[in-house]
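Colleague: Structure in structure tokens, see below.
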Amino acid sequence: MSHPYQALIVERHKHPLHAGKPAHFDAQGQGENPICGDAVHVYVSRKGMDVYYETEGCAIMNASADLMADAVAGKTPEQVEQLHHDFEKLVTTGEENPDLGELNALAGLAAYSSRIRCATLPWSALAEALHHV
Amino acid sequence: MSHPYQALIVERHKHPLHAGKPAHFDAQGQGENPICGDAVHVYVSRKGMDVYYETEGCAIMNASADLMADAVAGKTPEQVEQLHHDFEKLVTTGEENPDLGELNALAGLAAYSSRIRCATLPWSALAEALHHV
Amino acid sequence: MSATLETFDVAAIRDDFPILKQQVHGKKLVFLDSAASAQKPRAVIDAMCHVMEAQYANVHRGLHYMSEKTSDAFEAVRDKVAGFINAASREEIIFTRNATESINLVAYTWGRTALKPGDAVAVSEMEHHANLVPWQMLRDAHGTELRIVKITDSGEIDFDSLEQVFADGKVKLLAITQMSNVLGTYTPVERLAKFAHEHGAKILIDGCQAIVHRAIDVQAIDADFFAFSGHKLYGPTGIGVLYAKREILEEMPPFMGGGEMIASVSYEKTTFAKPPFRFEAGTPAIIETIGLGAAIDYVNAIGFEAIAAHERALTEHALATLGTLEGVNILGQAQDRGGVISFTMRGAHAHDIATLLDRQGIAVRAGHHCAEPLMGRLGVTSTARASFALYTTTEEIDALAHGMQRIRQIFA
Amino acid sequence: MSATLETFDVAAIRDDFPILKQQVHGKKLVFLDSAASAQKPRAVIDAMCHVMEAQYANVHRGLHYMSEKTSDAFEAVRDKVAGFINAASREEIIFTRNATESINLVAYTWGRTALKPGDAVAVSEMEHHANLVPWQMLRDAHGTELRIVKITDSGEIDFDSLEQVFADGKVKLLAITQMSNVLGTYTPVERLAKFAHEHGAKILIDGCQAIVHRAIDVQAIDADFFAFSGHKLYGPTGIGVLYAKREILEEMPPFMGGGEMIASVSYEKTTFAKPPFRFEAGTPAIIETIGLGAAIDYVNAIGFEAIAAHERALTEHALATLGTLEGVNILGQAQDRGGVISFTMRGAHAHDIATLLDRQGIAVRAGHHCAEPLMGRLGVTSTARASFALYTTTEEIDALAHGMQRIRQIFA
Ligand SMILES: Cc1ncc(COP(=O)(O)O)c(C=O)c1O
Ligand SMILES: Cc1ncc(COP(=O)(O)O)c(C=O)c1O
Chain A
1 MSHPYQALIV ERHKHPLHAG KPAHFDAQGQ GENPICGDAV HVYVSRKGMD
51 VYYETEGCAI MNASADLMAD AVAGKTPEQV EQLHHDFEKL VTTGEENPDL
101 GELNALAGLA AYSSRIRCAT LPWSALAEAL HHV
Chain B
1 MSHPYQALIV ERHKHPLHAG KPAHFDAQGQ GENPICGDAV HVYVSRKGMD
51 VYYETEGCAI MNASADLMAD AVAGKTPEQV EQLHHDFEKL VTTGEENPDL
101 GELNALAGLA AYSSRIRCAT LPWSALAEAL HHV
Chain C
1 MSATLETFDV AAIRDDFPIL KQQVHGKKLV FLDSAASAQK PRAVIDAMCH
51 VMEAQYANVH RGLHYMSEKT SDAFEAVRDK VAGFINAASR EEIIFTRNAT
101 ESINLVAYTW GRTALKPGDA VAVSEMEHHA NLVPWQMLRD AHGTELRIVK
151 ITDSGEIDFD SLEQVFADGK VKLLAITQMS NVLGTYTPVE RLAKFAHEHG
201 AKILIDGCQA IVHRAIDVQA IDADFFAFSG HKLYGPTGIG VLYAKREILE
251 EMPPFMGGGE MIASVSYEKT TFAKPPFRFE AGTPAIIETI GLGAAIDYVN
301 AIGFEAIAAH ERALTEHALA TLGTLEGVNI LGQAQDRGGV ISFTMRGAHA
351 HDIATLLDRQ GIAVRAGHHC AEPLMGRLGV TSTARASFAL YTTTEEIDAL
401 AHGMQRIRQI FA
Chain D
1 MSATLETFDV AAIRDDFPIL KQQVHGKKLV FLDSAASAQK PRAVIDAMCH
51 VMEAQYANVH RGLHYMSEKT SDAFEAVRDK VAGFINAASR EEIIFTRNAT
101 ESINLVAYTW GRTALKPGDA VAVSEMEHHA NLVPWQMLRD AHGTELRIVK
151 ITDSGEIDFD SLEQVFADGK VKLLAITQMS NVLGTYTPVE RLAKFAHEHG
201 AKILIDGCQA IVHRAIDVQA IDADFFAFSG HKLYGPTGIG VLYAKREILE
251 EMPPFMGGGE MIASVSYEKT TFAKPPFRFE AGTPAIIETI GLGAAIDYVN
301 AIGFEAIAAH ERALTEHALA TLGTLEGVNI LGQAQDRGGV ISFTMRGAHA
351 HDIATLLDRQ GIAVRAGHHC AEPLMGRLGV TSTARASFAL YTTTEEIDAL
401 AHGMQRIRQI FA
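Protein chains in written order, with UniProt numbering: chain A, 1 to 133; chain B, 1 to 133; chain C, 1 to 412; chain D, 1 to 412.
Given below as structure tokens:
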């Protein structure tokens, strides 16, 4: 089982590419885990599936949000849904999936069932946002 | 540890010497064990500490009541109290006591803590009766 | 554990139970008190030891290896239990201490919200105190009524009485045993569930005894609530189960408050977790739950078809052997009955029987078996009871019959 | 188990705990999560196995050898627990599943009879949910008030706040922890008991954490109620204790209904047994109670003087080592504190700390530790927590400090 804190995870946590609230967006969604106080707010611009976010929480959630924004860029809502589904499978089974590219860095989480929610929270928030689009 | 059903116990259960309600008595007392439905009713004539009883219950209780009536005959209330005390000790510790004579047949009960109450119930009923004398 | 239906090898099964090699008063132990609590196979003992020796930490939200692994093992038992009784989902399985707590949980939570003063709860004449006293306490605290469904002289549910009890439409819960711990009677739970539902009532099944001897399918029964204890099912003490239908659980308020059962806590407002966690406050019986999982695996590996066939043979043998003994009276004669046999002997109190059998190494229970009102109905104050398990042998029943003969000689 | 005050031999003690030889992710297990649940010594495992292998049957009124012996062993633990916390009598010891149930039992029975709507229950700002949520549920069901006694910035009881909370005479119960499971703070329970009694209130002490580290004397404290769990005291899960003064127990109605807790049962009227049995419905956690007895023997053999001295040294070492780490903040600085240390690290979330330490074989807990309101008071959403037991070594604390440095490097 790979280490849950791959260099990429730490890198994206420290130097995120998509953090912050954008001036313009079409929809937003949020996720919260009262158990640990993790919270994420996702902002989407429909055109190009442009995603930004604000988080309060752990490195896993931050990195997951940032990698998610990368992964969904330019995709259709249906494709996002498929990615979301594949991603949930990745972090619960630990089996890497070539279609998921850099998201595979989070496969090591499967050994930490209580941390899986950290990684999926941004995805649920995005799903909520897309429902409102 | 001696067998709890000495010949004497079975004998007194089958052929009691003091069973039945006497025509005259000065006091009465009763004991009940709702757990098993055991019940005893004790009748005392002050003079000569003459004890009779009626029981509904097991052989141990019947025999104990009968042997008690034997043992207390002619004793003072204080002596009865002492016997009661020694008898409780006998059935809880299993250590025979020469002062207790035939009552020692019940020493084997000590190995059956849930049966001890069967043997002591007549004694509690007698104590109650003597309180009322 | 080498038994299948074809080759039910009771000797091999007995080898799985270390305690069966013990002696009592210098005699071979003949344990005929499994209905009170069953003995534990090596597999259960080993599973519990393994947790404590190699893989233990508190469960849920541990974030470290030992806690993750222990949580996984713990939660896997929830799936196992759900499969064992064929629940529709794992969320319908709540871990409790024992069947008694399972039933009290229903009385305290569902009972005090779904039932209104004036509603009635019906129980049968052959309930264990665990399925009677909680409803009495609910009656006294909450103003519900308690009604009693009669049994016939053969020890079966009296359907005329059932009709009467339900006639005015006030009964909202039928709380009933699936197998009497005194008479061995199985009740027709599918029929009873259908009856209750047709009359606008829910059904709670006390499956404490039945689950040891028969495959249970809560969906086929259409049970609303089903309760049992681990310790009668060859598992450890300290662990029991409440099954309830998901839509009922969703509506039920919590029972106890504390850790694990909350979603979030502030002084003003605490929100509760979803079922099943809402009903599991505090550190659960982790080691015991894992032990229960091992017990279920053990029973499943043998299979209920084989177990039931073995026990049916034992019961028939016992009824034939004991039933012909001079002065011995067997209580109950239900058509559908299992390996629990209560009896009395003329001239000998049940307590005397139990103690005298014990001197011969034979363990039976004597007393009211936590079913005092049933004793009244049967016209006795206590009975002796022999009960069988998958490790019981015909020879043990013969030993019991022989022992009874000796007692008869003593008291004759 | 060769330790005395003079020769506290932690290596020998560690040999008593099989699990401590385990590896995690190829690293030596460093278990610093004992405050959540402690590991089990061989003596406890053996005691439980012994019951299941050689001496098991259901307890009370068994009338046969296995039941008599098991009942004796079970009831002997009641005496042992009474001695362990110096209760005036064995009847004051009630067996529950865990501390959570102990506290809920008080809230459901004493709380709903001795307390009247409008009466208040006071808890502190550093309670575990187990000693908060039951009183919230009582408030919502029964109309009592819930008041909060503040803590100071150092993490100790604020006596000015206590005075205020009690000023109007409405508080009838002070429910308070003896040791915070987050800050490690010991509360001055003797003083608090005196204060409560002078103000006409009873005191319930959540002794879950304290009992692991200090000798408890409920009579010297003058506690009205005292609750703890077996699993934190090196005993099994599934067993907890409620102590209450005899005169209080005598007046308390039962909690759950069923077998064991009755004196006699009829449909109309059931009379309840005397304490402690009145509060113990159904088959108890027999195996686990006997395991708890073995845990108490184990702890007693080492002795609290030796344990406390060892743990004091560990705690001082930890405070000194972790406290000087760049970016690490230790929460709470009570005068009287024990081996439970919560901390945060700048730039690293507690969850990240826990998972990254786990990769190094080090088990700490992270989260709100079932004390959400306290997190708010401390201005954090979660902390990492290391907690020590009698088997913890200085080297393990050094490993933790080293691990924290590596995490710092990762996130720097
Ligand atoms: C201070 C305190 N109180 C109560 C509890 C609850 O204990 P349990 O979960 O064993 O009921 C705990 C354990 O987490 C605790 O630390
Ligand atoms: C039919 C029945 N119901 C309920 C119970 C109570 O089970 P427990 O004591 O494990 O809660 C028993 C066990 O004696 C039983 O036989």
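We put the beta carbon where it would ideally sit given N, CA and C, even for glycine.
Treat the numbers as computed from the prediction; the structure is a model and nothing was measured.
(1) Taking a contact to mean a Cβ-Cβ separation below 8 Å, would you say Gly240 of chain D touches Arg97 of chain D in this structure?
(2) Closer than 7 Å to a non-hydrogen atom of ligand 2 - does that hold for the CB of His231 of chain C?
(3) Which residue spans inside the segment 26–114 of chain B form an unbroken alpha helix (DSSP H) run of at least 4?
(4) Take the Cβ of Thr237 of chain C as the centre, count every other Cβ of all protein chains shown within 10 Å, and call the residue buried at 16 or more, exposed below.
(5) According to the neighbour-count rule (16 or more other Cβ atoms, all chains shown, within 10 Å of its Cβ), is Ser180 of chain D buried or exposed?
(6) What in chain A is Cβ-close to Glu68 of chain C, meaning under 8 Å?
(7) Quick check on the DSSP output: what are the complete beta strand (DSSP E) runs of length 3 or more inside the segment 346–410 of chain C, in order along the chain?
(8) Out of curiosity, what's the CA-to-CA distance linking Ile85 of chain D and Ala306 of chain D?
(9) Between His351 of chain D and chain A, is the shortest Cβ-Cβ distance under 8 Å, so that the two count as touching?
(10) With distances taken between CB atoms, is the gap from Thr394 of chain D to His317 of chain D smaller than 8 Å?
(11) Let me know the secondary structure DSSP gives Asn329 of chain D once reduced to three states.
(12) Measuring only between beta-carbons, confirm whether Met345 of chain C sits less than 8 Å from chain D.
(13) Nearer than 7 Å: is that true of the beta carbon of His128 of chain D relative to any heavy atom of ligand 1?
(14) In the structure shown, what three-state DSSP assignment does Glu128 of chain A receive?
(15) Is there at least one Cβ from chain B nearer than 8 Å to Ser387 of chain D's Cβ?
(16) Does the count of Cβ pairs from the segment 21–36 of chain A and the segment 51–65 of chain A closer than 8 Å reach three?
(17) According to DSSP, is Val30 of chain C helix, strand or coil?
(18) Looking at Val265 of chain C and Leu132 of chain D, is the spacing between their C-beta atoms short of 8 Å?
(19) Check whether chain C comes within 8 Å of Met179 of chain D, counting only Cβ atoms and requiring the distance to be less than that.
(20) So, do the segment 5–15 of chain B and the segment 72–88 of chain B have three or more beta carbon pairs nearer to each other than 8 Å?
(21) Could you pull the start and end residues of the beta strand (DSSP E) that Thr271 of chain C belongs to?
(22) Does the structure place the segment 89–96 of chain D close enough to the segment 273–282 of chain D that three or more beta carbon pairs sit under 8 Å?
(23) Taking Cβ positions only, does Leu325 of chain D come closer than 8 Å to chain C?
(24) Strictly by DSSP, which residues pair up with Met179 of chain D?
(25) What does DSSP give as the partner residues of Ser2 of chain A in its beta bridges?
(26) Flag this pair as yes or no: are the beta carbons of Ala384 of chain C and Ile410 of chain C separated by less than 8 Å?
(27) Using Cβ-Cβ distances below 9 Å, what residues of the segment 357–370 of chain C are close to chain B?
(28) Ser124 of chain C bridges to which residues according to DSSP?
(29) The beta strand (DSSP E) that contains Thr96 of chain D, what's its start and end?
(30) How many whole angstroms separate the CB atoms of Phe343 of chain C and Ile362 of chain C, which I take to be in contact at a CB cut-off of 8 Å?
(31) Any heavy atom of ligand 1 closer than 7 Å to the Cβ of Asp206 of chain D?
(32) Which whole-angstrom value is the C-beta distance of Leu183 of chain C and Ala36 of chain C, which I expect to be below 8 Å?
(33) Given a cut-off of 8 Å, decide if Lys172 of chain C and Ala244 of chain C are closer than it, judged by their beta-carbon atoms.
(34) Please name the residue in D:His369, D:Ala220 and D:Ile103 whose C-alpha comes closest to that of Ile176 of chain D.
(35) Sort out for me which residues DSSP pairs Phe195 of chain C with in a bridge.
(36) Of the choices D:Ile407, D:Ala11, D:Ala366 and D:His368, whose alpha-carbon is the least far from that of Gly347 of chain D?
Modeller: The short version:
(1) yes
(2) yes
(3) 59–72 and 77–93
(4) buried
(5) buried
(6) Ala111, Tyr112, Ser113 and Ser114
(7) 365–367 and 383–387
(8) 17 Å
(9) yes
(10) yes
(11) strand
(12) no
(13) yes
(14) helix
(15) no
(16) yes
(17) strand
(18) yes
(19) no
(20) no
(21) Thr270 to Phe272
(22) yes
(23) no
(24) D:Tyr186
(25) Per DSSP, none; premise fails for Ser2 of chain A.
(26) no
(27) Asp358, Arg359, Ala366, Gly367 and His368
(28) C:Val149
(29) Ile93 to Thr96
(30) About 13 Å; that fails the 8 Å criterion.
(31) yes
(32) About 15 Å; that fails the 8 Å criterion.
(33) no
(34) D:Ile103
(35) According to DSSP, Phe195 of chain C bridges with nothing at all.
(36) D:Ile407
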